[in-house]
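Just so you know, the protein sequences line up as chains L and P, in that order. Per my numbering, numbering of the first sequence is gapless, rising by one per residue and ending at 509. Per my numbering, numbering of the second sequence is gapless, rising by one per residue and ending at 1509. For glycine and all other residues, C-beta sits at the position ideal for the given N, C-alpha and C.
There are 2 protein chains.
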Amino acid sequence: MADLSELKQRYAEVHDLHMAAAVLQWDQEVLMPPKGAKGRGEQLSTLASLAHRLFTNADMGALIESEKSSAAPGTDDALAVEELAYDYERATRLPESFVAEFTEAQSAAYHAWVKAREGSDFALFKPHLERMVDLSRRKADYYGFEDSPYDALLEEYERGVTAAQLTPLFALLAERQKALVAAIAAAPAPDIAWLDQEWPVDAQWDFTMQVLRDLGYDFDAGRQDKSVHPFTTHFDVQDVRITTRVHPRELFSALTGSIHECGHALYEQGLRLEDRRTPLGYAIGLGIHESQSRLWENMIGRSRPFWEHYAPALRAAFPEKLDAIGVDELYRAVNAVQPSLIRVEADECTYNLHVVLRFEIEQALIEGTMRVEDVPEAWNAKMGEYLGLEVPDDAHGCLQDIHWSHGSLGYFPTYALGNLYAAQLMETIERDLPTLWDDIATGKFEPLLTWLREKVHRVGRRKRAPQLIEEITGTPPESAPFLRYLEQKYGELYGIDLSVSASADAMGG
Amino acid sequence: MADLSELKQRYAEVHDLHMAAAVLQWDQEVLMPPKGAKGRGEQLSTLASLAHRLFTNADMGALIESEKSSAAPGTDDALAVEELAYDYERATRLPESFVAEFTEAQSAAYHAWVKAREGSDFALFKPHLERMVDLSRRKADYYGFEDSPYDALLEEYERGVTAAQLTPLFALLAERQKALVAAIAAAPAPDIAWLDQEWPVDAQWDFTMQVLRDLGYDFDAGRQDKSVHPFTTHFDVQDVRITTRVHPRELFSALTGSIHECGHALYEQGLRLEDRRTPLGYAIGLGIHESQSRLWENMIGRSRPFWEHYAPALRAAFPEKLDAIGVDELYRAVNAVQPSLIRVEADECTYNLHVVLRFEIEQALIEGTMRVEDVPEAWNAKMGEYLGLEVPDDAHGCLQDIHWSHGSLGYFPTYALGNLYAAQLMETIERDLPTLWDDIATGKFEPLLTWLREKVHRVGRRKRAPQLIEEITGTPPESAPFLRYLEQKYGELYGIDLSVSASADAMGG
């Protein structure tokens, strides 16, 4: 018991250092004056290296070993020690010299990427991406894997999911979403010319704040600010912050962005208070995290009942501008489908296609079946195949995302998994909460939030994502519910018939 | 050399932890949602304890010892090692158990003080103040002292200054400022009834921002925000932030507060870039710091030339409200003298009297010649003696300041020293910059800032305050220049004759 409390105390210290770093990063993105960058970089580097040093200390390993055998099985303490042992093993598998090399390469790659994207010059980024692929493969070797080195990278973002499981899920998504997008392209487009006008930014801001309050975001345990790239961060279960950006000529961008971040934030605010500063007090992984943001943003925030409720408030927020616009027009406009070159601007129907493209390229790079120099060509070919678009330059193609410059290979699939999980959860929610859509149509979000709190948020890190999804929905992660959702919603919206019976595409256990 | 770079690296890490803590504290005061308090407290405590552990590590002592003998005398490296050795010795003199006891007592005392002040109930705070006095005396014993245990406490805030030096300085201040206040009370008061109206807060804010820019505050290396208690903090010489508060019915409060904090911030922004993360890259101490804030707030921001320059801009900021108000009226209003019970609201003529009162009580408590239970009576008697005021209750008396609840005995004198230093510096500045007041009257602040940068800011921690003041002004810290300044300015303002030749009150070497 003395050892356990020592272990908890040490873990809590490491946690505090990470949370302190998160505050410094938040400040850096939201408020920091430009000249503060140098000092801030040093401070963040010191916090990260201290956290790593404290966590990978040999004493820590000994304490974990001793507790592994003594914590009562099945208790939260035993689970916590298990999770800690997992993290400790991962952290100590990477030699310190490798971590330093990786960090240095990240910094160089990031700066090269910024320049390469600015000038749309892939050649500038190529040697850095080669280095990142090489380092990622070495990282996979350090971590170890069974089938594919890509699995070792996936593990970092979505524990317990492998490339072999993703391949059939993503193949089905690609096939059916491609067909859906083609059908929509052939259907008459909604009239959204009225969207192209000024939407005063203060009114937009106030409207998003009201929606956040309505959805259940606790402003006593968080705040919304503005930043160039919207994000969610947390320093504690009781201090979870989101950011948004407001464009004067876009009616829905700040709102849907805020709802997306709110989905992330509701998850973090919904973790158990009693798990604070323990290994269980974290989200499961990125896929489940994204399921929460997508569920709120798309399945709720882009639903017809949501707009039945909010149409009057939106009209009041923008006097006279929306007098001629009914619920149907709002619903159509917020769900307009338009294939585009840029992932972060993609709609529900095309988003996963952007992810599948990246997954296929990453996997080939890591497994050694594609060379870095062939990435632009492969990218552009896939954009043509999946979205029917021609890529004018690499800035609008393979240089658009920051992830590879950070060496975050294996991250993209979690975005699509989030969509799949969200749809699976939603089918169960609709069964569990028969009045869900009536509630949404009257602005009552609390039953939904309570369901998510109980089934998902409060679990913390007690389960893996595939296990949680199967326990809640009765099925392992699969594509069918998401495709059913898309095809029904957009079939109706665009007046096309796409009802195809779901294939057997469940993720193999 | 290897040792020196190791020593510098370790020092830089400790520095980074302190700076990270400062970011967390700033956020706590300015933005943090209320429920974040618990987690934030834990994070701050972890950062403080890690910084202490890293700094007082035995390795650190060995490295310092080895460098003490090897750094070339007179170089910045040698000075840095000297300063480090000083800090290390101070830090290691306090046993860890004592530090923990002190921290715990602070927290309890703070909460008791908040309640005691709310209910104006000294009895609630009394046992905590007794504990703080006891702990402070023990702290003095750990640190060691020659004459008075109070010297060991003063050392923490104003190194190299003793109670024996302060006593004659403060006695003279008390005598002459008391006389000045009495004379002003007998003179006709200026008509400031026009101040009592609404001063739109946005216009106040914009005006303070413009003044900050004019004075030379670098907004690329800092920012101004709002907080309940205005303060200045720094995370780096290139990230120095200030806060202010804006009252809708007070024209000068936000402005003079901003100028005050700006004086602190200009000092921090003026430290040498090359001293970053070294023991030399800090302000000398609190007295010199306060001299910078007071010099800008009072000697510049409450001068007639300053208002000659800013009167038109102020009139433009508050259309029609100031049409009948000339420079003289503004100058009189911003310098209105009104003895009050509360230190933080005190004007230039009465401020030091509040400090002298606290110094006398603190010294008596620490030297054991006054009991804590006698504090309220002593306080009230001195308020009558120095300011002619009757104290209605302890909330407006000995419970008004936070300092004692933090155990910060020995801190108050630095406020008065700041006034004295500022006046001494200003007499030298007026000699060195013959066009100073013409410059100020035309909004040209750069020559003054350059002078302060060269003579004061860039010194960093290379000197002690009394030494710096003597080197710059030719005289050790003394009361005469401040009294000359006060008596001349307020003699003119109130039409009274107070010219008394300065007594020989220099601080003994």
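Is the CB of residue i under 9 Å away from at least one CB in chain L?
i	result
Leu1007(P)	no
Glu1042(P)	yes
Asp1236(P)	yes
Arg1453(P)	no
Leu996(P)	No answer is possible for residue 996(P): it lies beyond the span of chain P, which begins at 1001 and ends at 1509.
Asp946(P)	Outside the modelled stretch of chain P, which goes from 1001 to 1509, sits residue 946(P), for which no answer is possible.
Leu1017(P)	yes
Tyr1011(P)	no
Gly1257(P)	no
Arg1276(P)	yes
Answer with yes or no whether the minimum CB distance from residue i to chain P is below 9 Å.
i	result
Thr243(L)	no
Met370(L)	no
Asp3(L)	no
Leu50(L)	yes
Lys226(L)	no
Arg223(L)	yes
Ser503(L)	Low confidence applies to Ser503(L): its pLDDT is 48, below 50, so where it sits in the model is not reliable, and the reading given next is rough at best. No, Ser503(L) lies away from the interface with chain P (no Cβ there is under 9 Å from its Cβ).
Using a Cβ-Cβ cutoff of less than 7 Å, which residues in the same chain neighbour residue i once the five nearest sequence positions on both sides are dropped?
i	result
Leu1280(P)	Asp1076, Leu1079, Ala1080, Glu1083, Gly1460, Arg1461 and Arg1462
Glu1130(P)	Val1372
Gly495(L)	Ala187
Lys1068(P)	Val1081 and Ala1085
Leu180(L)	Cys349, Leu486, Glu487, Tyr490 and Leu498
Val1228(P)	Arg1245
Looking only at its own chain, which residues have a Cβ that is under 8 Å from the Cβ of residue i, when we skip the five neighbours before and after it?
i	result
Ile1342(P)	His1396 and Gln1400
Leu24(L)	Arg40, Gln43, Leu44 and Leu47
Ser148(L)	Thr162, Ala163, Ala164, Gln363, Ile366 and Glu367
Ala2(L)	none
Name the chain L residues whose beta carbon is nearer than 9 Å to that of residue i?
i	result
Leu1219(P)	The residue you asked about is not Leu; residue 1219(P) is Phe in the sequence shown. Chain L residues near Phe1219(P): Pro33.
Anything in chain L within Cβ reach of residue i, meaning under 7 Å, just list it in chain order.
i	result
Ala978(P)	In this structure chain P extends from 1001 to 1509, so residue 978(P) is not present and cannot be described.
Which residues share a DSSP beta bridge with residue i?
i	result
Asp225(L)	Thr243(L)
His234(L)	Val240(L)
I want to verify the contact list: residues of chain P whose CB lies under 8 Å from the CB of residue i, in sequence order.
i	result
Lys38(L)	Asp1236 and Gln1238
For residue i, which residues in the same chain have their Cβ closer than 6 Å to its Cβ, ignoring the five residues on either side in sequence?
i	result
Arg315(L)	Leu322
Ala1071(P)	Asp1077, Ala1078 and Val1081
Phe235(L)	Met19, Ala22 and Val23
Asp275(L)	Gly281 and Gly460
Would you check if there are 3 or more beta carbon pairs closer than 8 Å linking the segment 378–387 of chain L to the segment 342–356 of chain L?
yes
To be precise: take each residue of the segment 199–214 of chain L, compare its Cβ to all Cβ atoms of chain A, and keep it if any distance is under 9 Å. Which residues remain?
Structure shown: chain A not included; protein chains present are L and P.
Decide if the segment 1419–1431 of chain P is in contact with the segment 1246–1261 of chain P; the criterion is three or more beta carbon pairs, one per stretch, under 8 Å apart.
no
Is the segment 437–447 of chain L in contact with the segment 305–314 of chain L, if contact means three or more CB pairs nearer than 8 Å?
yes
Is there contact here, the segment 140–147 of chain L with the segment 93–107 of chain L, by at least three beta-carbon pairs under 8 Å?
yes
Sufficient close CB pairs (3 or more, under 8 Å) joining the segment 1263–1270 of chain P to the segment 1286–1294 of chain P:
They touch, by the three-pair rule.
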